[in-house]
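Engineer:
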Amino acid sequence: MKKTLWTSLVLLLVLSMALLGVVGCSGGQSGDADKPTIIVGSKTFTEALLLGSMTYQYLEYLGYPVENKTGLGELAIIRPALESGEINCYWEYTGTVLINIMGEEPSYDEEQCYNDVKEWDEKNGIIWLDYAPL
């Protein structure tokens with residue numbers, strides 16, 4: 439039963455990665471204990487809590503030192519936390535950043551939306567992971 443649950447969670451994580459991007463993860467770190475702790479945050483709604491928790495657990499499983507700050511707060515709280523370094527990563531919709539952070543109009547071209555947000559956030563020192571092709 440545990441193996442089935444773990445497999446389901448991993449599949450859910452992969453599917454979620456196809457639909458969302460992880461914001462702010464700097465990458466390039468190994469699982470060595472002497473590396474800085476990765477602080478995983480999330481918003482407070484169910485999907486964000488699940489994705490944040492799964493990310494935290496997966497990084498911990500891989501041997502990374504991690505701190506759990508899931509459920510930190512909504513956009514007005516979590517985005518400044520990412521920008522200030524209080525957290526290192528959280529799951530975010532590209533459309534949320536496009537509209538609420540960048541102040542742009544909604545886009546129905548998902549690839550253009552992703553590229554615009556990724557390029558804009560790179561200027562802020564925030565890295566979006568590549569999305570999984572469908």
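Per the numbering used here, residue 439 is the first one in the sequence shown, and the count goes up by one each step.
Cβ atoms here follow ideal geometry from the backbone N, Cα and C, with glycine treated the same way.
Keep in mind that this is a model prediction, so the values were computed, not measured.
State yes or no: is the C-beta of T482 within less than 8 Å of the C-beta of E505?
Structural biologist: Taking the sequence shown and counting its residues from 1, one reaches residue 482 at position 44. Taking the sequence shown and counting its residues from 1, one reaches residue 505 at position 67. No, these two residues do not count as a Cβ contact at 8 Å.
Engineer: Pull up the DSSP beta-bridge partners for V478, would you.
Structural biologist: Residue 478 sits at position 40 when you count from the first residue of the sequence shown. The partner list for V478 (beta bridge, DSSP) reads N506 and C527.
Engineer: Which residues mark the beginning and the end of the alpha helix (DSSP H) in which N538 is found?
Structural biologist: Locating residue 538 in the sequence shown gives position 100, counting from the first residue. Taken as a continuous stretch (DSSP letters only), N538 belongs to no alpha helix (DSSP H), as it is neither H nor E.
Engineer: Under 8 Å by Cβ, that's how I've got G501 and S480 pegged, so tell me the actual separation to the nearest angstrom.
Structural biologist: The residue given as residue 501 occupies position 63 in the sequence shown. The residue given as residue 480 occupies position 42 in the sequence shown. Not quite, the Cβ-Cβ distance comes to about 21 Å (not below 8 Å), so this is no contact.
Engineer: For D547, count the other beta carbons within 10 Å of its own beta carbon; 16 or more makes it buried, fewer makes it exposed. Which is it?
Structural biologist: Position 109 of the sequence shown, counted from the first residue, corresponds to residue 547. Classification of D547: exposed, given that the 10 Å Cβ count is below 16.
Engineer: Excluding the five sequence neighbours on either side, which residues of its own chain have a C-beta within less than 6 Å of the C-beta of M540, listed in chain order?
Structural biologist: Locating residue 540 in the sequence shown gives position 102, counting from the first residue. The residues are W558.
Engineer: Less than 8 Å between the CB atoms is what I'm expecting for C551 and L567, so what's the real figure, rounded?
Structural biologist: Here residue 551 is taken as the residue at index 113 of the sequence shown, counted from 1. Here residue 567 is taken as the residue at index 129 of the sequence shown, counted from 1. Contact doesn't hold; Cβ gap of about 15 Å is too wide.
Engineer: For the pair the stretch 517-524 and the stretch 482-497, tell me if three or more CB-CB distances fall below 8 Å.
Structural biologist: Not touching, per the Cβ criterion.
Engineer: Straight-line CA distance for Q495 to W529?
Structural biologist: What you label residue 495 is simply residue 57 of the sequence shown in a count that begins at 1. What you label residue 529 is simply residue 91 of the sequence shown in a count that begins at 1. If I take the Cα positions, the gap works out to 14 Å.
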